[in-house]
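Student: Going down the list, the sequences are from chains F and U. The first sequence begins at 107 in the numbering used here and counts up by one. The second sequence begins at 107 in the numbering used here and counts up by one. For each residue, glycine too, the CB sits at the ideal point set by N, CA and C.
Protein chains: 2
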Amino acid sequence: MSGEVITAVYEISSEDPAGRAAQVAVEQSHELPTELAPGNAVRDSLARVRSVLRRPGLAALATVDYPADLAGAELGQLLVLLLGNVSLQDGVRLVDVTLPARLAAALPGPRLGIAGVRALVGEPGRALLATALKPVGMTPQQLAGLAYEIAAGGLHILKEDQGLANQPWAPFAERVPRVAEAVRRANQDTGGRSIYLPCVNGPAAGFPGQVRLARQAGAHGVMVLPGIAGFGALARAAEVFPGGMVLAHPSFLGGFTASPGHGIAPDVLFGTLLRLAGADATIFPGFGGRFSLSREQCLAIAEAARRPLHDIAPALPAPGGGMSIDRAPELLDAYGPDTIFLIGADLQRGGNPRRAAERLLAATR
Amino acid sequence: MSGEVITAVYEISSEDPAGRAAQVAVEQSHELPTELAPGNAVRDSLARVRSVLRRPGLAALATVDYPADLAGAELGQLLVLLLGNVSLQDGVRLVDVTLPARLAAALPGPRLGIAGVRALVGEPGRALLATALKPVGMTPQQLAGLAYEIAAGGLHILKEDQGLANQPWAPFAERVPRVAEAVRRANQDTGGRSIYLPCVNGPAAGFPGQVRLARQAGAHGVMVLPGIAGFGALARAAEVFPGGMVLAHPSFLGGFTASPGHGIAPDVLFGTLLRLAGADATIFPGFGGRFSLSREQCLAIAEAARRPLHDIAPALPAPGGGMSIDRAPELLDAYGPDTIFLIGADLQRGGNPRRAAERLLAATR
Numbered sequence: 107m108s109g110e111v112i113t114a115v116y117e118i119s120s121e122d123p124a125g126r127a128a129q130v131a132v133e134q135s136h137e138l139p140t141e142l143a144p145g146n147a148v149r150d151s152l153a154r155v156r157s158v159l160r161r162p163g164l165a166a167l168a169t170v171d172y173p174a175d176l177a178g179a180e181l182g183q184l185l186v187l188l189l190g191n192v193s194l195q196d197g198v199r200l201v202d203v204t205l206p207a208r209l210a211a212a213l214p215g216p217r218l219g220i221a222g223v224r225a226l227v228g229e230p231g232r233a234l235l236a237t238a239l240k241p242v243g244m245t246p247q248q249l250a251g252l253a254y255e256i257a258a259g260g261l262h263i264l265k266e267d268q269g270l271a272n273q274p275w276a277p278f279a280e281r282v283p284r285v286a287e288a289v290r291r292a293n294q295d296t297g298g299r300s301i302y303l304p305c306v307n308g309p310a311a312g313f314p315g316q317v318r319l320a321r322q323a324g325a326h327g328v329m330v331l332p333g334i335a336g337f338g339a340l341a342r343a344a345e346v347f348p349g350g351m352v353l354a355h356p357s358f359l360g361g362f363t364a365s366p367g368h369g370i371a372p373d374v375l376f377g378t379l380l381r382l383a384g385a386d387a388t389i390f391p392g393f394g395g396r397f398s399l400s401r402e403q404c405l406a407i408a409e410a411a412r413r414p415l416h417d418i419a420p421a422l423p424a425p426g427g428g429m430s431i432d433r434a435p436e437l438l439d440a441y442g443p444d445t446i447f448l449i450g451a452d453l454q455r456g457g458n459p460r461r462a463a464e465r466l467l468a469a470t471r
Numbered sequence: 107m108s109g110e111v112i113t114a115v116y117e118i119s120s121e122d123p124a125g126r127a128a129q130v131a132v133e134q135s136h137e138l139p140t141e142l143a144p145g146n147a148v149r150d151s152l153a154r155v156r157s158v159l160r161r162p163g164l165a166a167l168a169t170v171d172y173p174a175d176l177a178g179a180e181l182g183q184l185l186v187l188l189l190g191n192v193s194l195q196d197g198v199r200l201v202d203v204t205l206p207a208r209l210a211a212a213l214p215g216p217r218l219g220i221a222g223v224r225a226l227v228g229e230p231g232r233a234l235l236a237t238a239l240k241p242v243g244m245t246p247q248q249l250a251g252l253a254y255e256i257a258a259g260g261l262h263i264l265k266e267d268q269g270l271a272n273q274p275w276a277p278f279a280e281r282v283p284r285v286a287e288a289v290r291r292a293n294q295d296t297g298g299r300s301i302y303l304p305c306v307n308g309p310a311a312g313f314p315g316q317v318r319l320a321r322q323a324g325a326h327g328v329m330v331l332p333g334i335a336g337f338g339a340l341a342r343a344a345e346v347f348p349g350g351m352v353l354a355h356p357s358f359l360g361g362f363t364a365s366p367g368h369g370i371a372p373d374v375l376f377g378t379l380l381r382l383a384g385a386d387a388t389i390f391p392g393f394g395g396r397f398s399l400s401r402e403q404c405l406a407i408a409e410a411a412r413r414p415l416h417d418i419a420p421a422l423p424a425p426g427g428g429m430s431i432d433r434a435p436e437l438l439d440a441y442g443p444d445t446i447f448l449i450g451a452d453l454q455r456g457g458n459p460r461r462a463a464e465r466l467l468a469a470t471r
């Protein structure tokens, strides 16, 4: 037994935060009244409250130490102990996590990280721009045509919309090779280095095969939906696609962050946890768009994705929505250049995505 | 293109529910302003608001029709379109889903269902009782000893606690054969039919191997955590373990249900969606315990798990927490016999789990 601990900080909204914190520590480790547990389990595997800080007018802050062996050196079990059952209760929000170095080293983490993604797109320092190929319902020809224009305009990353799966209008196995070919042709025609990330969201049994197909077709990585495919799908994609970029999409993860007194702080979920799970870049709803995170929350996500964390590579924050030529100075200033800015509809507005990509690139230089 | 639709009903909290419903329909299908979408996509793949019902003092009810092909006959994509991005926004809660028969037939659904689980445990009609082997930190010998006693007492289902993974105290590959052997021995000694479901929550690459190991060791199925391992993990487990029971645990899924105006109604998530994903039984926090669902919500989950739904087999609701000899009449009356009642600490209180199991079985007959 290592004696090391995983430390979690929770915001607790309760009349009796110390009592509630003690319940959380038991619920998340033993899930059994301590008087019923064998002595060796009480000694080895019971979480303990380190401190509870009452804050007038705010939720209390409770710090809980978990014996590090509880995670079994696995990401999935780390999630179980940090918030598994407590996610079902009100008034408890996970706001910080600290891991021992040995556990961090055992978790997947980003394979490429910021440096690897920059090498893939051939851009050592500037802000990166990405867009989503959409809408679902377009044919492979239409999607390939759109991809060609955007790649020819020099946009760094073309990911598929999370709405694209294996629908009859553009089945995965037909669509992915066509779009990859269009991006390759645009790169050849312009000397560019745009990369293409298909969305992989099929059944679990077919997931590795879809990632392999993407690789063989000439894509440069994949987008994965951990809220649906599971947190382990990020590392699985990296294993099956060596050298490929793994982009995390937040679909179906909003349940955790939308309610202030409950769930997980967005920087912990979209920053720390998805980075530990293996995301090279993590999409989240950017402030000022049509979603509900604040500027402060968004910058905390970016910080959590990039800050030093043992030997885990930093990941790129990818705020979605709201980037435009008008907002470029503000957003660049807020997030800094180690960021992927997702451009949505603005790229298609005006009917000339190539020219729009060129103008956006110029505005964010 | 089929012309069939998937119909979703959302509770919408907004000054302008009709406008918000229209945004949801676009966000969840095209995620692009309609004036920018090609004509064929607008015709084929754009969701449409069917109706918006204002209710004084309550959230409005918006009914949205999605072209059924948007799901691409896949569960993961069905989840994307029902709530993917909207999960990140406030004020929208998914409260009902209706699928066309053809789509339902393409989704996994329970392999065993209620009849199959009843056949496995040899109990054609009565309420089923289950418990969790815990706490984490116990050795394989201790867990096997506890399992023997509980199985000898005749409890129908012994599942592992979601806290058990691959920790040093009882590694998966060592623990599962020992506990399976203990349950087998108890069944031989007493003529019983207790079944054992290990918890499988390892990395994605190792998931099928863990399920296979469980099968080879003589377990009778597995427990899966779809909130962490992904919704597809339920069907994957059923594929790898033919004839094995698949039990869904709600760890890390509470984000969706804990906030009233947001996320997914518990009956849709724990009942309908996990059943469609392949759960033979679905654990949820029962009313009157230490979690926060109401009696009405719990009974709605049970109803959603069991009600007729095209050709999809019914699943067993498995309310967790709160079952005791005292509460048995009330809970049996509320849920009815097609239920798995999870007994927690009460079974271990008093130091004689075998006798406690026998008394609980008698009290729930």
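For the segment 254–305 of chain U, list the alpha helix (DSSP H) runs that are entirely contained and at least 4 residues long, ordered along the chain.
Tutor: The segment 254–305 of chain U contains these whole alpha helix (DSSP H) runs: 278–296.
Student: Could you give the first and the last residue of the continuous beta strand (DSSP E) run that contains residue 121 (chain F)?
Tutor: No beta strand (DSSP E) holds residue 121 (chain F); DSSP gives it neither H nor E.
Student: Taking the CB atoms as reference points, tell me whether residue 337 (chain U) and residue 383 (chain U) lie closer together than 8 Å.
Tutor: Contact flag set, yes.
Student: For residue 140 (chain U), which three-state DSSP category applies?
Tutor: Residue state, collapsed to three classes: helix.
Student: Based on DSSP bridge pairs, tell me the residues matched to residue 187 (chain F).
Tutor: DSSP output for residue 187 (chain F) lists no bridge partner at all.
Student: Check whether the Cβ of residue 369 (chain F) lies closer than 7 Å to any heavy atom of the ligand NAD, and answer yes or no.
Tutor: As for the ligand NAD, it is missing from this structure, which has no ligand bound.
Student: Identify which residue in F:244, F:308 and F:261 has its Cα closest to the Cα of residue 138 (chain U).
Tutor: Among F:244, F:308 and F:261, the Cα nearest to that of residue 138 (chain U) belongs to F:244.
Student: Is it true that the segment 263–278 of chain F meets the segment 316–330 of chain F, where meeting means three or more beta-carbon pairs spaced less than 8 Å apart?
Tutor: Touching, per the Cβ criterion.
Student: Can you tell me whether residue 363 (chain F) is helix, strand or coil according to DSSP?
Tutor: In the structure shown, residue 363 (chain F) sits in coil (DSSP, three-state: anything other than H, G, I, E or B).
Student: Could you check what DSSP says for residue 447 (chain F) in three-state terms: helix, strand or coil?
Tutor: The answer is strand: DSSP assigns residue 447 (chain F) an E or B state.
Student: Please check if any C-beta of chain F sits within less than 8 Å of the C-beta of residue 454 (chain U).
Tutor: Taking Cβ atoms only, chain F reaches closer than 8 Å to residue 454 (chain U), which makes this a yes.
Student: Pull out every residue of the segment 239–265 of chain F whose Cβ sits closer than 8 Å to any Cβ of chain U, in chain order.
Tutor: So the close ones are 240, 241, 242, 243, 244, 245 and 248.
Student: Could you tell me whether the Cβ of residue 458 (chain U) comes closer than 8 Å to any Cβ of chain F?
Tutor: Cβ-Cβ to chain F under 8 Å: no for residue 458 (chain U).
Student: For residue 206 (chain U), which of helix, strand or coil comes out of DSSP?
Tutor: Residue 206 (chain U) falls in the coil class under three-state DSSP.
Student: So residue 261 (chain F) packs on residue 463 (chain F), CB below 8 Å; how close in whole Å?
Tutor: About 4 Å separates the two Cβ atoms, so the contact holds.
Student: I'd like the list of long-range same chain contacts for residue 131 (chain U), defined as Cβ closer than 7 Å, with 5 residues on each side in sequence excluded.
Tutor: So the qualifying residues of the chain are 153, 154, 155 and 170.
Student: Under the assumption that residue 306 (chain U) contacts residue 257 (chain U) (Cβ atoms under 8 Å), give the Cβ distance between them as a whole number of angstroms.
Tutor: Rounded, the Cβ-Cβ distance is 20 Å, inconsistent with contact.
Student: Which residues, in chain order, does the segment 333–358 of chain F contribute to contact with chain U at a C-beta distance below 8 Å?
Tutor: The segment 333–358 of chain F vs chain U, Cβ under 8 Å: 333, 334, 335, 336, 337, 338, 339, 341, 342, 345, 356, 357 and 358.
Student: To the nearest angstrom, report how far apart residue 175 (chain U) and residue 239 (chain U) are at their CA atoms.
Tutor: Their Cα atoms are separated by approximately 43 Å.
Student: Determine whether the Cβ of residue 151 (chain U) lies closer than 8 Å to any Cβ atom of chain F.
Tutor: Closer than 8 Å: yes.
Student: Please check the pair residue 214 (chain F) and residue 371 (chain F), which I expect to be a contact at CB under 8 Å, by giving their CB distance rounded to whole angstroms.
Tutor: Rounded, the Cβ-Cβ distance is 21 Å, inconsistent with contact.
Student: According to the Cβ coordinates, are residue 335 (chain F) and residue 182 (chain U) closer than 8 Å?
Tutor: Yes, these two residues count as a Cβ contact at 8 Å.
Student: In the segment 168–182 of chain U, which residues sit with their C-beta less than 9 Å from some C-beta in chain F, listed in chain order?
Tutor: Here the close residues are 173, 175, 176, 177, 178, 179, 180, 181 and 182.
Student: I'd like the span of the beta strand (DSSP E) that includes residue 157 (chain F), first residue to last.
Tutor: Start and end: 154–161.
Student: Run through chain U and tell me which residues come within less than 8 Å of residue 428 (chain F), C-beta to C-beta.
Tutor: The premise fails here: residue 428 (chain F) is roughly 14 Å from chain U at the closest Cβ pair, so nothing lies under 8 Å.
Student: At which residue ranges does the segment 302–337 of chain U contain complete alpha helix (DSSP H) runs of 4 or more residues, listed in the order of the chain?
Tutor: Runs found: 313–323 and 332–335.
Student: Check the Cβ-Cβ distances between residue 135 (chain U) and every residue of chain F, and say whether any is below 8 Å.
Tutor: For residue 135 (chain U), the answer is yes, since a Cβ of chain F falls inside 8 Å of its Cβ.
Student: Within the same chain, show all residues whose beta-carbon is closer than 6 Å to that of residue 428 (chain U), passing over the 5 residues directly before and after it, in chain order.
Tutor: Cβ within range, chain order: 392, 394 and 395.
Student: Please confirm whether residue 340 (chain F) and residue 385 (chain F) have their CB atoms less than 8 Å apart.
Tutor: Yes, the Cβ-Cβ distance between residue 340 (chain F) and residue 385 (chain F) is below 8 Å.
Student: When the Cα of residue 472 (chain F) is compared with those of U:144, U:363 and U:431, which residue comes out closest?
Tutor: For chain F, the structure presents residues 107 to 471; residue 472 (chain F) sits outside this window and is missing.
Student: Quick check on DSSP: helix, strand or coil for residue 465 (chain F)?
Tutor: In the structure shown, residue 465 (chain F) sits in a helix (DSSP, three-state: H, G or I).
Student: Any beta-carbon of chain U closer than 8 Å to the one on residue 362 (chain F)?
Tutor: Yes, residue 362 (chain F) counts as interfacial toward chain U.
Student: What does residue 209 (chain F) touch in chain U if you count any residue whose Cβ is under 8 Å from its own?
Tutor: Going along chain U, no residue has its Cβ under 8 Å from residue 209 (chain F), so there is no contact; the nearest lies around 12 Å.
Student: Closer than 8 Å by C-beta to residue 456 (chain F): which residues in its own chain qualify, once you throw out the five before and the five after it? Chain order, please.
Tutor: For residue 456 (chain F), where only same-chain residues beyond five positions count, the Cβ hits under 8 Å are 462.
Student: As a quick exercise: from U:180, U:198 and U:109, pick the residue whose alpha carbon is nearest that of residue 129 (chain U).
Tutor: Of the candidates U:180, U:198 and U:109, the one whose C-alpha sits nearest the C-alpha of residue 129 (chain U) is U:198.
Student: In terms of residue numbering, what span does the alpha helix (DSSP H) encompassing residue 220 (chain F) cover?
Tutor: Run containing residue 220 (chain F): 219–227, per the alpha helix (DSSP H) assignment.
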